[in-house]
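Enquirer: Residue numbers (full-length UniProt numbering): 1 to 330.
Glycine included, each C-beta is placed from N, C-alpha and C at the ideal position.
Here it is: the structure, laid out below.
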């Protein structure tokens, strides 16, 4: 029997530019639970030309009239007139991450929560043709154009009087969080009400390049939940309010979690639970440095993590959660 030994550097991959001599490899789980070995050196990768975001991005509408079977909609009046879209109602876009699709677990789970909350139009964005590359870098490089496509639909809904931008929230996980940011950057007829980024992807995104990632200016209100900061998720605050459950790097109940995939995915469960819960009570830290030091005595200001509405809060927040559902402790 042949014995093959593979040496892989599993040191944390942080959200600064990669240089030679820094860790090049990591292991990550995609939205479907499959493990992948990632080469994080962008020098060796080229964008695959097979993905046309304008034809390969699909939108599935879920409402209380069709809570489990999505209707395919496009930016045509006929498509929308023939759908269950509730004109003038609240609209929630859900955007999956790398390796995901419309049927990825977070989408039906979060859709159920929104439809329990109100008679919403929930639109699941399926960019699986773009996000499904085995090469993470290829999928990462498709984030911007996908955001442009989502922005086009939001503008069209406003143009024909079906929805206004202030009734639109966008929720994205991992790479989908940055698609959400590009969506906000590219709308032309207004500003999105709120963007919620669930553990925005860290590898190959840079704190010094806000035009290429989720950023504070992408909506009237932006919020990020950091559950695997500095490994698979972005580490530093990049939104109006930034929540760091359990100090944001590891999560209770995840065990050793060497790849970070359990902690990364935890953001989805926390957000879904938060839609109909006001029990994720967090305290404001004086600075991000207190998160890094894992010492946040609090400033006296509290806030609710997640949920469904824009908030007047700003800053960095800490809270503890349970190891299993229900996760909220407040």
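For residue 147, does the three-state DSSP call read helix, strand or coil?
Expert: helix
Enquirer: Taking the DSSP output, what are the residues bridged to residue 284?
Expert: BP columns for residue 284 point to 317.
Enquirer: Indicate whether residue 139 and residue 175 have their beta-carbon atoms separated by less than 8 Å.
Expert: yes
Enquirer: Under DSSP, the beta strand (DSSP E) around residue 294 begins and ends at which residues?
Expert: No beta strand (DSSP E) holds residue 294; DSSP gives it neither H nor E.
Enquirer: Of all the options 183, 70 and 259, which has the alpha carbon lying nearest to the alpha carbon of residue 220?
Expert: 183
Enquirer: Using only alpha-carbon positions, find the residue among 327, 296, 315 and 167 that is nearest to residue 267.
Expert: 327
Enquirer: Taking just the CA atoms, how far does residue 193 sit from residue 312?
Expert: 12 Å
Enquirer: Decide if residue 122 is buried, meaning its Cβ has at least 16 other Cβ atoms within 10 Å, or exposed.
Expert: Burial check for residue 122: the Cβ neighbour count within 10 Å reaches 16 or more, so the residue is buried.
Enquirer: What alpha helix (DSSP H) runs, 4 residues minimum, are completely inside the stretch 254-279?
Expert: 261-274
Enquirer: Does DSSP classify residue 202 as helix, strand or coil?
Expert: Residue 202 sits in coil when the DSSP states are folded into three classes, being neither helix nor strand.
Enquirer: Indicate the three-state DSSP secondary structure (helix, strand or coil) for residue 126 in the structure shown.
Expert: strand
Enquirer: If you draw a straight line from the C-alpha of residue 320 to the C-alpha of residue 246, how long is it?
Expert: 5 Å
Enquirer: Are residue 217 and residue 95 closer than 8 Å when you measure CB to CB?
Expert: no
Enquirer: Can you tell me which residues form a DSSP beta bridge with residue 223?
Expert: Residue pairing by DSSP places residue 223 opposite 196 and 241 in a beta bridge.
Enquirer: Would you call the stretch 255-264 in contact with the stretch 276-287, where contact means no fewer than 3 C-beta pairs closer than 8 Å?
Expert: no
Enquirer: I'd like the span of the alpha helix (DSSP H) that includes residue 171, first residue to last.
Expert: No alpha helix (DSSP H) holds residue 171; the beta strand (DSSP E) holding it covers 168-173.
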